[in-house]
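K.L.:
Can you read through this structure? Questions will come right after.
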Amino acid sequence: MKMKEHKDFDNIHIALAGAKNCGKSALAVRYLTKRFIGEYDSHKDDIWHRSMTVADREVRVSLKDTTGTSWLKTPAPLISWTTAIVVVYSITDRNSFALARHILEIIDKIKPLSSRCTLLIGNKCDLMHLRQVPKSDAKKLADDFGVHFLECSAAENYDDIFSSFTRLLVEAMIAQSAKKHSWDDQNADDVKQNENRLRKRSLSTGQAPSKDSNNNTSFLGGLREKKDSMIKIDERIPSPVEQRDTPAPQRKQSLRRKISGIGSKLVGSGQSNR
């Protein structure tokens, strides 16, 4: 089976929100380019675009870096625009953590079912001697809202950043695909071949990122390095009969199990409006 093209599935919008000087821009650039840059112009919003191939489809990822808190006066437009959101605070700044809590509360009010597409990041873990926010407090906050959580350093932890952002991207894709299921007929032999190919793969979950000196990490046992200029998330597409007979919640959980751990290095064309 081949998934039909849906315009809303081709665009993933990710926003980074948080206090000034907590490292949002550094995280964005680190994820997209692997580079760490310590200083940025924090007086304007930036948006980066990446094109990639996911499950044989062209997907455009827009990553918006917000500045300050002015958007919180009218938060609905930004939050409604997002497919996923990353809330950032600095472990060295208790006030930035309080703002992160406030942002999560706003997200929960405007998009109460978006927790799986939300990531809370405690940045600047390279400054442990200046820590003001205990990790246990942040973990509890993430658990309270049901969001993903990561403590990291934009300067030192590219592997963890890449893994968490890619997981978030996959969750956003799952959320979009769950909105509408539309399938085309496909040659039965192709279906069988696809099923056999996927049965041979061991898609483990819950694995810590493993480092490789020659390339970037693979995470959850399925995040692979690709040598071409695309990422590819393979999934077994159910037959029309399976699609019809399987309840919607079960379909969503099954899809998440199959592709939440599959992906690859994010590469491709990109641009910034800096």
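Everything in the sequence shown is counted per my numbering, starting at 8 for the first residue and increasing by one.
Each residue gets a CB set at the ideal place from its N, CA and C atoms; glycine is no exception.
Is residue 105 near residue 175, with beta carbons less than 7 angstroms apart?
P.N.:
Contact: no.
K.L.:
Excluding the five sequence neighbours on either side, which residues of its own chain have a C-beta within less than 6 angstroms of the C-beta of residue 180, listed in chain order?
P.N.:
Once the five neighbours on either side are set aside, residue 180 has no close Cβ partner at all.
K.L.:
Given 8 angstroms as the limit, is there contact between the segment 119-126 and the segment 138-158, that is, 3 or more CB pairs closer than that?
P.N.:
The segment 119-126 vs the segment 138-158: in contact.
K.L.:
With a cut-off of 8 angstroms on the beta carbons, I'd call residue 100 and residue 23 a contact; round off their distance for me.
P.N.:
Rounded, the Cβ-Cβ distance is 16 angstroms, inconsistent with contact.
K.L.:
Mind checking which residues open and close the beta strand (DSSP E) that includes residue 156?
P.N.:
From DSSP, the beta strand (DSSP E) with residue 156 extends over 155-158.
K.L.:
Between which two residues does the beta strand (DSSP E) carrying residue 39 extend?
P.N.:
Run containing residue 39: none in the beta strand (DSSP E); it sits in the alpha helix (DSSP H), 31-40.
K.L.:
To the nearest angstrom, how far is the alpha carbon of residue 79 from that of residue 102?
P.N.:
Their backbone Cα atoms lie some 16 angstroms apart in a straight line.
K.L.:
Sorted by chain position, which residues of the same chain lie with C-beta nearer than 8 angstroms to residue 132's C-beta, five sequence neighbours on each side aside?
P.N.:
Contacts found: 98, 158, 159, 160, 163 and 164.
K.L.:
Using alpha carbons as the reference points, say which of 139, 77, 59 and 32 lies closest to residue 93.
P.N.:
Nearest option by C-alpha distance: 32.
K.L.:
What does the Cβ neighbour count give for residue 55, buried or exposed, with the cut at 16 atoms within 10 Å?
P.N.:
Per the 10 Å Cβ criterion, buried.
K.L.:
Given a threshold of 16 other Cβ atoms within 10 Å of its Cβ, counted over all protein chains shown, does residue 89 qualify as buried or as exposed?
P.N.:
Buried.
K.L.:
Between residue 155 and residue 178, what straight-line distance do the alpha-carbon atoms span, to the nearest angstrom?
P.N.:
Each residue's Cα considered, the two are about 11 angstroms apart.
K.L.:
Label residue 219 either buried or exposed according to how many other C-beta atoms from any shown protein chain fall within 10 Å of its C-beta, with 16 as the threshold for buried.
P.N.:
Any reading at residue 219 must be qualified, since the residue scores a pLDDT of 36, below 50, and its modelled position is unreliable; the value itself is stated next. The residue is exposed, with fewer than 16 neighbouring Cβ atoms inside 10 Å.
K.L.:
Let me know the beta strand (DSSP E) ranges lying completely inside the segment 81-148, each 3 residues or longer, listed in chain order.
P.N.:
Runs of the beta strand (DSSP E) inside the segment 81-148: 91-97 and 125-130.
K.L.:
Just the Cα atoms here: how many angstroms apart are residue 37 and residue 170?
P.N.:
One C-alpha to the other measures close to 12 angstroms.
K.L.:
How would you label residue 130, buried or exposed, when you count the other beta carbons within 10 angstroms and need 16 or more for buried?
P.N.:
Answer is buried; the Cβ neighbour count reaches 16.
K.L.:
For residue 172, tell me which candidate among 114, 41, 26 and 28 has the shortest Cα-Cα distance.
P.N.:
For residue 172, the nearest C-alpha among the options comes from 41.
K.L.:
How many angstroms separate the CA atom of residue 67 from the CA atom of residue 121?
P.N.:
In a straight line, the C-alpha of residue 67 is about 20 angstroms away from that of residue 121.
K.L.:
Which same chain residues, not among the five before or five after residue 136, have their C-beta less than 6 angstroms away from its C-beta?
P.N.:
Excluding residues within five positions, none has a Cβ falling inside 6 angstroms.
K.L.:
Using a Cβ cut-off of 7 angstroms (strictly closer), state whether residue 70 contacts chain B.
P.N.:
This model lacks chain B altogether; it includes just one protein chain.
K.L.:
Helix, strand or coil for residue 163, going by three-state DSSP, please let me know.
P.N.:
In this structure, residue 163 counts as coil in the three-state DSSP scheme.
K.L.:
Within the same chain, show all residues whose beta-carbon is closer than 8 angstroms to that of residue 113, passing over the 5 residues directly before and after it, in chain order.
P.N.:
For residue 113, where only same-chain residues beyond five positions count, the Cβ hits under 8 angstroms are 79, 82 and 86.
K.L.:
Please classify residue 27: is it buried, with 16 or more other beta-carbons within 10 angstroms of its beta-carbon, or exposed?
P.N.:
Residue 27 comes out exposed.
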